[in-house]
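In full-length UniProt numbering, the protein residues as written are 1 to 221. Ideal Cβ positions, reconstructed from N, Cα and C, are used throughout, including at glycine. Given the structure is predicted, the values throughout are model-derived calculations rather than measurements.
Dropping the structure here:
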């Protein structure tokens, strides 16, 4: 009988893949969401790949209503993905309203159904200024609501809340993660563009961690 008690929200990006490997001993189930983002089709295969490699069950839940009814440049049919710096003013158009709130609610219900009592999420400090549902001021009351609203008192575990993406990359370096098997670029496409704000953030994080970036970028192709 397994003693694993955790579920992880796994996108297939650098942050959640690092969290998956860091806490693999506690994770019984990984949960991804297909919500109609421009890069979902590129992220999700990496989420599946890492779960298969680690022998962790993986589920993908469709949330097509998000791209149908919500407004965001991140979604299919939305505006252009910002180029340049990863900051509040530049990235505001990529906010998907209450995305983490919706996903954590579903994850909490699934965790309760599976008798798991922890939900891991890889929000980090660099997202705070841009995305309201990545901040400690959101995660803490969401944890309280989920804990009180589930029979088995499911907790939200967000260990990267107060660290940077560079710090996360440093964790990944220690764990030996090959970041070429992750996806960051919000534009989607065949290869990561290398010039959108998320690609720039990715490159800077690996520079900070002193990792030789293994990513194939469009600008270098």
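Inset, instruction - Hey, could you find the ends of the alpha helix (DSSP H) residue 62 is sitting in? - result: Following the DSSP letters along the chain, one finds residue 62 in no alpha helix (DSSP H) but inside the beta strand (DSSP E) bounded by residues 57-62.
Inset, instruction - Confirm, please, whether the CB-CB distance from residue 66 to residue 95 is below 8 Å. - result: No; because the gap between Cβ atoms is not below 8 Å, this pair is not in contact.
Inset, instruction - List the residues that DSSP assigns as beta-bridge partners of residue 83. - result: Here residue 83 is bridged, per DSSP, to 196.
Legend entry - residue 157 in three-state terms, based on DSSP: Collapsing the DSSP output to three states places residue 157 in a strand.
Inset, instruction - Between the Cα of residue 5 and those of 159, 186, 155 and 181, spot the shortest distance and give me the residue it belongs to. - result: Cα-wise, what sits closest to residue 5 is 155.
Legend entry - Coarse secondary structure for residue 109, derived from DSSP in three states: Reduced to three states, the DSSP call for residue 109 is helix.
Inset, instruction - Spatial neighbours of residue 91 within its chain, please: CB distance less than 7 Å, with the 5 preceding and 5 following residues excluded, ordered by chain position. - result: Taken in chain order, the residues that qualify are 82, 130 and 197.
Legend entry - Contact set for residue 16: own chain, Cβ-Cβ below 6 Å, skip 5 residues either direction: Closer than 6 Å at the Cβ level, and outside the excluded window around residue 16, lie 10 and 122.
Inset, instruction - Would you be able to state if there are at least three C-beta pairs under 8 Å between the region 180-196 and the region 39-53? - result: Touching, yes.
Legend entry - Counterpart residues of residue 30 in DSSP-defined beta bridges: Residue pairing of residue 30 in beta bridges, as defined by DSSP: 8 and 58.
Inset, instruction - Give the DSSP bridge partners of residue 118, in chain order. - result: Answer is 6 and 155, bridged to residue 118.
Inset, instruction - For residue 37, write down the residues that DSSP places opposite it in a beta bridge. - result: Per DSSP, the beta-bridge partners of residue 37 are 75.
Inset, instruction - Identify whether residue 69 lies in helix, strand or coil by the three-state DSSP scheme. - result: If DSSP states are grouped into helix, strand and coil, residue 69 belongs with the helices.
Legend entry - Beta-carbon separation (whole angstroms), residue 19 vs residue 111, contact threshold 8 Å: With a Cβ gap of about 16 Å, residue 19 and residue 111 do not count as contacting.
Legend entry - CA nearest to the CA of residue 124, picked from 163, 48 and 174: Selected option, being the one with the closest Cα: 163.
Inset, instruction - Kindly indicate which three-state DSSP category residue 131 falls into: helix, strand or coil? - result: Of the three classes helix, strand and coil, the one that applies to residue 131 here is coil, per DSSP.
Inset, instruction - State the Cα-Cα distance for the pair residue 118 and residue 180, rounded to the nearest angstrom. - result: Inter-residue distance for residue 118 and residue 180 is about 28 Å (C-alpha atoms, whole angstroms).
Legend entry - Same chain only: Cβ atoms within 8 Å of residue 51, ignoring 5 sequence neighbours per side: If we look at residue 51 and ignore the five residues flanking it on each side, its Cβ neighbours are 10, 20, 30, 57 and 58.
Legend entry - Identified DSSP bridge partners for residue 217: Paired residue(s): 192.
Inset, instruction - Would you kindly work out how many angstroms separate the C-alpha atoms of residue 70 and residue 126, rounded to a whole number? - result: Cα-Cα distance, rounded: 24 Å.
Legend entry - Chain-order list of residues whose beta-carbon lies under 8 Å from that of residue 1 (same chain, five-residue window excluded): Its pLDDT being 43, under 50, residue 1 is placed unreliably by the model, and nothing is read from it.
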